[in-house]
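First to last, the protein sequences are chains A and B. Each residue of the first sequence is one higher than the one before, starting from 1 at the first, in the UniProt record's numbering. Each residue of the second sequence is one higher than the one before, starting from 1 at the first, in the UniProt record's numbering. Using N, Cα and C, we set each Cβ at its ideal position, and we do this for glycine too. Just so you know, these numbers come straight off a predicted model, no measurement behind them.
There are 2 protein chains.
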Amino acid sequence: MLVEPTGTAGCSSPLAREPLSAEQAGELARLFKAMGDPVRLRLLSLIASHSGGEACVCELSGVFDLTGPTISHHLKVLREAGLISGERRGTWVYYRVDPDALRRLSAVLVPGETPVVAG
Amino acid sequence: MLVEPTGTAGCSSPLAREPLSAEQAGELARLFKAMGDPVRLRLLSLIASHSGGEACVCELSGVFDLTGPTISHHLKVLREAGLISGERRGTWVYYRVDPDALRRLSAVLVPGETPVVAG
C-alpha cells in the first residue's frame, strides 16, 4: 500500500504554508516589532531565564549601561505588546514573560505547528 | 534504574535558558525588527508560500493597496536583513526566503533547540 504524504504540513513553517491574512500579520508584527530591539530582547531573555521565571526591575537595570527611565521605557513596550506582565510587590515591580506570546511567535516560524493568533 | 532528566533543555526556549549576549541580541533584533511590520510579514509569507518557494515582484505588488516604490522599500528591508534574496531574470526580480534566517529565529523561541547566531 502506498501512503501519500499529507501535504507539506510537517516540513514547512506556517509562514510558508499559506499567505498570512492582514489580521494575522498585524497581530504578529506587533510582537515582532517589540522584539526588534537588542535591549528589549536581552530584557526578555533576562526575565525568562531568571530563577522562578520572574525578575525584579531592580535586578534588570544594573545589567545595562542605560538610565532607569530608558529601561522603564523598554519594559513598557514589552508590556504593552503583551510579551511580559508586571506585578508590584512592596517597593518593586516583578516581571514575567507571557509564554503564550512566545508560543504564538514560534508557531509561525516552526514547521508542523499552527499559528495561534489572539482574537 | 533512575534516569535523571538532563536539565530543562527540553522544556524551555533558549531565550529562557540563559540571558542572550549583547552580540546575539543585536543579530536577532535586526531580524525581528525587519519582521515587525504587517506588510513585510505578509510579503515574507507570500514569497515563502508561493509555488516553488519563489515569487516575482510582479506577483507581489498587486496584493497590496500600496505603490510600487513602497513595496520595493519593504522588499529592500527584508533583503538587507538577510530574510530574503532577490535574483533578476529578464524583466523581473524573483525573491525567495532564506530558510536559515527563519531557522535562526525559531531556534531562539522554540523549546529544545539551540540558538544559531551568524558569526
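Check the Cβ-Cβ distances between residue i and every residue of chain B, and say whether any is below 7 angstroms.
i: A:L109; result: yes
i: A:G7; result: A caution first: A:G7 carries a pLDDT of 40, below 50, which makes its placement in the model too unreliable to give a value.
i: A:I71; result: no
List, in order along the chain, the chain D residues whose C-beta lies closer than 7 angstroms to that of residue i?
i: B:E54; result: Looking for chain D here will not work: the only protein chains present are A and B.
Residue i touches chain A at which residues, Cβ-Cβ below 8 angstroms?
i: B:G26; result: P38
Below 8 angstroms on C-beta distance, what does residue i contact in chain B?
i: A:A16; result: S45, A48, S49, G53, V97
i: A:G13; result: In the sequence as presented, Gly is not what sits at residue 13 of chain A; that position holds Ser. Chain B residues near A:S13: A48, L102, S106.
Checking contacts by CB at 7 angstroms: is residue i closer than that to chain A?
i: B:L78; result: no
i: B:A29; result: yes
i: B:S85; result: no
i: B:S61; result: no
i: B:F64; result: no
Checking the sheet assignment: what are the DSSP bridge partners for residue i?
i: B:E54; result: B:R96
i: A:G86; result: A:Y95
I need the straight-line Cα distance from residue i to residue j, nearest angstrom please.
i: B:L15; j: B:E80; result: 25 angstroms
i: B:I71; j: B:V93; result: 13 angstroms
i: A:S85; j: A:R96; result: 6 angstroms
i: residue 120 of chain A; j: A:K76; result: Summary: the structure shown does not reach residue 120 of chain A, with chain A confined to residues 1 through 119, and so no result is reported for it.
i: A:D65; j: B:L46; result: 40 angstroms
i: B:K33; j: A:R103; result: 18 angstroms
i: A:E54; j: B:G62; result: 46 angstroms
i: B:P19; j: A:S49; result: 6 angstroms
i: A:R30; j: A:T91; result: 31 angstroms
i: A:V57; j: B:L44; result: 36 angstroms
i: B:S13; j: A:L105; result: 12 angstroms
Which residues of chain A have a Cβ atom closer than 9 angstroms to the Cβ of residue i, listed in chain order?
i: B:L75; result: Going along chain A, no residue has its Cβ under 9 angstroms from B:L75, so there is no contact; the nearest lies around 15 angstroms.
Output, in chain order, the set of chain B residues within a Cβ distance shorter than 7 angstroms of residue i.
i: A:P19; result: R42, S45, L46, S49
Within 10 Å of its beta-carbon, does residue i have 16 or more other beta-carbons around it, so buried, or fewer, so exposed?
i: B:R40; result: buried
i: residue 137 of chain B; result: Here chain B covers residues 1 to 119 and nothing more, so residue 137 of chain B does not appear.
i: A:P115; result: Here A:P115 scores only 49 on pLDDT, less than 50, and its place in the model should not be relied on; the value that follows carries that caveat. Buried, since its Cβ has 16 or more Cβ neighbours within 10 Å.
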